[in-house]
Amino acid sequence: MNAKIVLLPGDGIGPEVTAEAQRVLVAVAQKFGHEFAFESCPIGGNAIDDFGDPLPDATLKACQASDAVLLGAVGGPKWDDPNAKTRPEAGLLKIRKEMGLFANLRPVKAYDVLVDASPLKRNIVAGTDILFVRELTGGIYFGDSGLTKHDDGTETAFSTEVYSTHEIERVVRLAAEAAKGRSGHVTSVDKANVLEASRLWRRVAARVMKEEYPDLKYEVVLVDAMAMHLISKPTYYDVIVTNNIFGDILTDEGSMLPGSMGLLPSASIGSDGPGLYEPIHGSAPDIAGQGIANPLATILASAMMLRHSLKLEEEAAAIEAAVDQVLAAGLRTKDIADKGAEWLSTTAMGDEVLKALGS
Ligand code: IPM
Ligand code: MN
1 MNAKIVLLPG DGIGPEVTAE AQRVLVAVAQ KFGHEFAFES CPIGGNAIDD
51 FGDPLPDATL KACQASDAVL LGAVGGPKWD DPNAKTRPEA GLLKIRKEMG
101 LFANLRPVKA YDVLVDASPL KRNIVAGTDI LFVRELTGGI YFGDSGLTKH
151 DDGTETAFST EVYSTHEIER VVRLAAEAAK GRSGHVTSVD KANVLEASRL
201 WRRVAARVMK EEYPDLKYEV VLVDAMAMHL ISKPTYYDVI VTNNIFGDIL
251 TDEGSMLPGS MGLLPSASIG SDGPGLYEPI HGSAPDIAGQ GIANPLATIL
301 ASAMMLRHSL KLEEEAAAIE AAVDQVLAAG LRTKDIADKG AEWLSTTAMG
351 DEVLKALGS
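First residue of the sequence shown? That's 1 in my numbering, and the numbers climb one at a time after it.
The following block contains the structure:
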């Protein structure tokens, strides 16, 4: 097949890890007889520096005209000034909204060979396989907000959690569809004991599950309790669906289960059109430019891209198998290496994945 892939390397280690994922995609295209055309566009802090805009129009247009988008990471201390006119993160929120990417899929799978790198005990973590489905274009991230300055010099600020029926229905359906191909267990997370928006979420989710997915196991958990369960019994969960902000927080917590954020990919998808794929880790400015970042999360994100946007299941599985093989062989980047043990550079890890792919 022919596919147009936009690369958004971004800031910090973004360009380093995206480059490795691109090499893997090129190898997959060769091996399976596809034509992938790549176009690199600016986003984030470097785009603010060069264009005064974290998401230049040309970048958004290129993404919208593509088949899929692969993002590295955005942000860094250089652009962290709270008084700055714009921030790298604004580019990320805008691209999600403009591309209609209402669902963020964040699989958290514990690799058995890495379980001992987890801060939790092996008997708790081993076997963890959760798919988080985070609502991504609504809620408090996009609700009404404001700031009032008072005469006495103090200030008042507010941000609003807003959801409508349709926004809840579509993300719950997506989660339920994903659960069909897994263990068939959906858990919806909310704060319905306090928040009106969560009470609507709970009612709509329950209706969709009862009317459309009666065969799936469905449960509801309050977000504070979920924060606890996630580290006490992570293997109990299969698909967890929740709003934008709870999903943001719980997926960071969840990312610690397998030991390193350097392994976890994410997919942001809408009802149609191109999806956006990225590692869940950030731009890690402290290690940028040193060639020590772990490229595996971005490589695994490229596998999700092949699966979800390009419908190339066999190719996606080949990348995942190559990563499994590399990890099983004991090859590690610095973030997942045992203390004092040898580790590979970013590009050396990329080389190993290519070798495992047979390229
Ligand atoms: C994420 C990030 C973003 C978010 C930030 C960078 C805006 O934390 O993708 O989880 O909060 O959504
Ligand atoms: Mn986050």
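A virtual CB, placed ideally from N, CA and C, is assigned to each residue, including glycine. Since the structure is predicted, the reported quantities are computational estimates derived from the model, not experimental observations.
Member of Ile319, Ala301, Thr347 and Asn294 whose CA lies at the smallest distance from the CA of Asp335
Asn294
Which of the three DSSP states is assigned to Thr128 in this structure?
coil
So what's Lys85 in DSSP terms, helix, strand or just coil?
coil
Is there at least one Cβ from chain D nearer than 9 Å to Arg170's Cβ?
Here there is only one protein chain, and chain D is not present.
Give a single yes or no on whether Thr251 has its beta carbon closer than 8 Å to a heavy atom of the ligand MN.
Flag set: Cβ of Thr251 near the ligand MN.
Tell me, to the nearest whole angstrom, how far the beta carbon of Pro234 is from that of Ile124; I am working on the premise that it is less than 8 Å.
7 Å
Please go through the same chain and pick out, in chain order, the residues whose beta-carbon is closer than 7 Å to the beta-carbon of Ala197, but skip the five residues on each side of it.
Glu161, Val162 and Tyr163
Using a Cβ-Cβ cutoff of less than 6 Å, which residues in the same chain neighbour Ala27 once the five nearest sequence positions on both sides are dropped?
Leu354, Leu357 and Ser359
Does DSSP put Asp272 in a helix, a strand or coil?
It is coil, neither helix nor strand.
Closest Cα partner of Ala267 within the set His281, Leu230, Ser260 and Glu314
Ranked by Cα distance from Ala267, the first of His281, Leu230, Ser260 and Glu314 is His281.
DSSP puts Phe122 in a beta bridge; with which residues?
It should be noted that the sequence gives Arg, not Phe, for residue 122. Answer is none; Arg122 lacks a bridge partner.
Expressed to the nearest angstrom, what Euclidean distance is found between the alpha-carbon atoms of Asn46 and Asp11?
6 Å
Short Cβ contact (9 Å threshold) for Arg199 with Ala192:
With respect to Ala192, Arg199 sits close: the two C-beta atoms are nearer than 9 Å.
Please state whether the Cβ-Cβ distance between Gly139 and Pro279 is less than 9 Å.
no
Presumed contact (8 Å Cβ cut-off) between Ser40 and Leu7, rounded CB distance:
5 Å
Using a threshold of 9 Å, state whether the C-beta atoms of Asp238 and Ala179 are closer than that.
yes
Sequence-distant residues of the same chain with beta carbon closer than 8 Å to Leu195, five excluded per side:
Listed in chain order, the non-local C-beta contacts of Leu195 below 8 Å within the same chain comprise Glu161, local neighbours out to five positions each way being set aside.
Taking 8 Å as the line, does the beta carbon of Val69 fall inside it for any heavy atom of the ligand IPM?
no
Identify, in the order they occur along the chain, each residue of the same chain with its Cβ nearer than 8 Å to the Cβ of Ser145, setting aside the five sequence neighbours on each side.
So the list reads Ala157, Phe158, Ser159 and Thr160, once near-sequence residues are dropped.
Less than 9 Å between the C-beta atoms of Gly259 and Ala65, yes or no?
No, these two residues do not count as a Cβ contact at 9 Å.
Tyr141: beta carbon under 8 Å from a heavy atom of the ligand IPM?
The answer is yes for Tyr141.
Can you give me the Cβ contacts of Ile299 inside the same chain, cut-off strictly under 7 Å, excluding the 5 residues immediately before and after it?
Glu20, Ala21, Val24, Ile319, Val323 and Val353
The ligand IPM heavy atoms versus the CB of Asp81: any closer than 8 Å?
For Asp81, the Cβ stays outside the 8 Å cut-off from all heavy atoms of the ligand IPM.
Could you pull out every residue in the same chain whose Cβ sits closer than 7 Å to the Cβ of Leu136, ignoring the five residues on either side in sequence?
Arg96, Leu101, Phe102, Ala103, Asn104, Asn244 and Ser268
Per DSSP, what kind of secondary structure is Lys217 in: helix, strand or coil?
strand
In the DSSP assignment, the alpha helix (DSSP H) including Ala117 goes from what residue to what residue?
No alpha helix (DSSP H) contains Ala117, which DSSP labels as neither H nor E.
Could you tell me the boundaries of the beta strand (DSSP E) in which Phe36 lies?
Glu35 to Ser40
CB contact flag (Val221, Val189, <9 Å)
Contact flag set, yes.
What do you reckon, is the C-beta of Gly254 under 8 Å from a heavy atom of the ligand IPM?
no
What did DSSP end up calling Thr333 once you bin it into helix, strand or coil?
strand
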